[in-house]
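Asker:
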Amino acid sequence: MNWSAEPRSALEARARTVIESPAAPDVGRATRVLIDEVSCGVAFQLEACVRCGQCADACHFYLVSGDPRRTPIYKLRPMFRAYRRHRGPFAAVQRMLGWAPAELTAAELAEWSELIYDSCNMCGRCTLACPMGIDIAGLVRRVREAMSAAGFAPADLYKAAARALDSGSPIGLRWPTLKRQIEIQEQETGLKLPLDVEGADYLLVLSSIEIASFPETIGALAKIFDQAKLSWTLTSSGFEATNVGVQLGSRDVARVLVSRIVDAAQALRVKAVISPECGHAYTALRWEGPNLIGRPYPFRVVHIVELLDQLVAAGRLRTRGKDQRRLVFHDPCQLVRRGGIDAAPRRLLAGVSACCAEMPSSGSANFCCGGGGGVSAIHRAEPLRFAAFKCKQQQIERSGAEALVTACANCRNVLEEALDEHGMVLPVLGLSELLAEYLEPTAPADQTGTRQ
Ligand code: SF4
Ligand code: SF4
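Position one of the sequence shown corresponds to residue -19 (the working numbering), numbered consecutively onward.
1) Give me the Cβ distance between residue 272 and residue 234, rounded to the nearest whole Å; I'm assuming they're in contact under 8 Å.
2) If you reduce the DSSP assignment to three classes, tell me which class residue 429 lands in.
3) Would you report the Cα separation of residue 53 and residue 92, rounded to the nearest angstrom?
4) Mind the definition here: the segment 185 to 202 touches the segment 388 to 399 only if three or more C-beta pairs lie below 8 Å; say whether that holds.
5) Decide if residue 73 is buried, meaning its Cβ has at least 16 other Cβ atoms within 10 Å, or exposed.
6) Express the C-alpha separation of residue 76 and residue 228 in angstroms, rounding to a whole number.
7) Would you say the beta carbon of residue 339 comes nearer than 6 Å to a heavy atom of ligand 2?
8) Would you call the segment 86 to 106 and the segment 45 to 61 touching, i.e. three or more CB-CB distances under 8 Å?
9) Using CA atoms only, rank isn't needed, just tell me which of 237, 211 and 220 is closest to residue 226.
10) In three-state DSSP terms, what is residue 250?
11) Return the bridge partner residues of residue 182 from the DSSP annotation.
12) On the CB-based measure, 16 or more other CB atoms within 10 Å of its CB, does residue 220 come out buried or exposed?
13) Using DSSP with H/G/I as helix, E/B as strand and the rest coil, what is residue -11?
14) Is any non-hydrogen atom of ligand 1 found closer than 6 Å to the C-beta of residue 96, if you look at the structure I gave you?
15) Nearer than 6 Å: is that true of the beta carbon of residue 133 relative to any heavy atom of ligand 1?
16) May I ask you to check if the CB of residue 336 is nearer than 6 Å to at least one heavy atom of ligand 2?
17) Tell me where the beta strand (DSSP E) around residue 307 begins and ends.
18) Strictly by DSSP, which residues pair up with residue 282?
19) Give a yes or no on whether the C-beta atoms belonging to residue 35 and residue 100 are separated by under 7 Å.
20) Given a threshold of 16 other Cβ atoms within 10 Å of its Cβ, counted over all protein chains shown, does residue 348 qualify as buried or as exposed?
21) Under 7 Å between the Cβ atoms of residue 254 and residue 282?
22) In this structure, does DSSP put residue 386 in helix, strand or coil?
23) For residue 287, which residues in the same chain have their Cβ closer than 7 Å to its Cβ, ignoring the five residues on either side in sequence?
24) Report the rounded CA-to-CA distance for residue 355 versus residue 45, giving the unit in angstroms.
25) For residue 117, is the beta carbon positioned less than 6 Å from some heavy atom of ligand 1?
26) Please report the residue range of the beta strand (DSSP E) in which residue 371 lies.
27) In the DSSP assignment, what are the bridge partners of residue 408?
28) Measure the C-alpha to C-alpha separation of residue 157 and residue 343 and round it to an integer number of angstroms.
29) Output the residue ranges of the alpha helix (DSSP H) runs that lie fully inside the segment 114 to 199 and measure 4 residues or longer, sorted by chain position.
30) Taking 6 Å as the cut-off, is the C-beta of residue 103 nearer than that to any heavy atom in ligand 1?
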């Protein structure tokens, strides 16, 4: 179905039926959606598992707990059982003979909700470890579709989705707040930030966490784009890049949120949308988005790190001086494992750091900060998230980092909280802000806008 042909109101109405979860979780609906999620490709993956257990050693939730229920493959059991009972080879015969797996129960799904949401960041580390090429993180994403549709998702994610549909932001942030932050950054930088400029080359969308916790990033990017003479704009509608629909596991919600950005980009006729320092926003917009709306975008999507790397390579950005601390890059899972973006941030960091170092198992084998996949938004998951941070903590300690640098505002927030919880004093920096700090100063513009 071409969803883009549907009016926005119909898309929004369907999304709202998801967040208004049933008063009593509906196990029959969960089973039906789970079965619907099993395409031929998914069935092939479920059948391909050879029970080798390699995915277990890739998962920080299993490594820190030793709990076999937290192994990646166990998290897929509800899907496997529903598939085997209803769709697998000779399912009807197996049911008749009493050999088929039992129907799922509400109690089991309630227990699995904690495994599927609280103890999975959809980070994809297990996916890379699986010798059979099973995309475990991708299948967890599909299990979440069933959980959310049937009322088994955490209340915090339903509420975040409701706020996103109502206000545009999962934390309830609205345009007047962003407008105020833009004004503050204009005062800080002395630059006029472009807003709703039709025909600009690039549209910069932002994450709520950046706007609320790290608004200096907006000013930093304004300085960078000013030096690069980039044609860009912010937007007053569709400015939110994050997509709680992906975390909740609801394509209906995710589709509405992606559509808002697509509509804004099309209205402004931009050539490209810049995905900001946020991991899952990049996955949602770049990889899931066109499938969600049922058509290719009439613009490109570029992550901010990719764009900055291109601008440096083109000689449009120049830096002066270097940070003398031992700086270590934390790879956001969605950038490095889903997007393959590992060299670009390191090139950028090397340009402004006299002493970059690596964590053991960095790059595509990096451990998640623990907050990805919506886990940081689930209040009940906090103790588990802090416990799972042990794997990341060991990586950080072995790197000898004097400061961490990352390219995801959510990672940054989660790392700061976890470091604090574990009594570690370590700054966590945003890559764009760091780059802006070392930009070669440009001559101030005179009244006519001409540089001296
Ligand atoms: S996606 Fe990450 S958190 Fe989830 S099961 Fe796999 S390794 Fe564990
Ligand atoms: S690594 Fe792959 S094949 Fe091995 S148990 Fe995990 S999912 Fe199955």
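For each residue, glycine too, the CB sits at the ideal point set by N, CA and C. In this text the structure is predicted, and so the values were computed from the model without any measurement.
Answerer: In this structure, then:
1) 6 Å
2) Because residue 429 sits at a pLDDT of 40, beneath the cut-off of 50, its placement in the model cannot be relied upon, and the following sentence gives the value as read from the coordinates. DSSP places residue 429 in coil when its eight states are reduced to three.
3) 12 Å
4) yes
5) exposed
6) 36 Å
7) no
8) yes
9) 237
10) coil
11) 212 and 252
12) buried
13) helix
14) no
15) no
16) no
17) 303 to 310
18) 254
19) no
20) buried
21) yes
22) strand
23) 254
24) 17 Å
25) yes
26) Counting along the chain, residue 371 falls outside any beta strand (DSSP E), though it belongs to the alpha helix (DSSP H) covering 362 to 379.
27) 384
28) 35 Å
29) 116 to 129, 135 to 147, 155 to 169 and 188 to 193
30) yes
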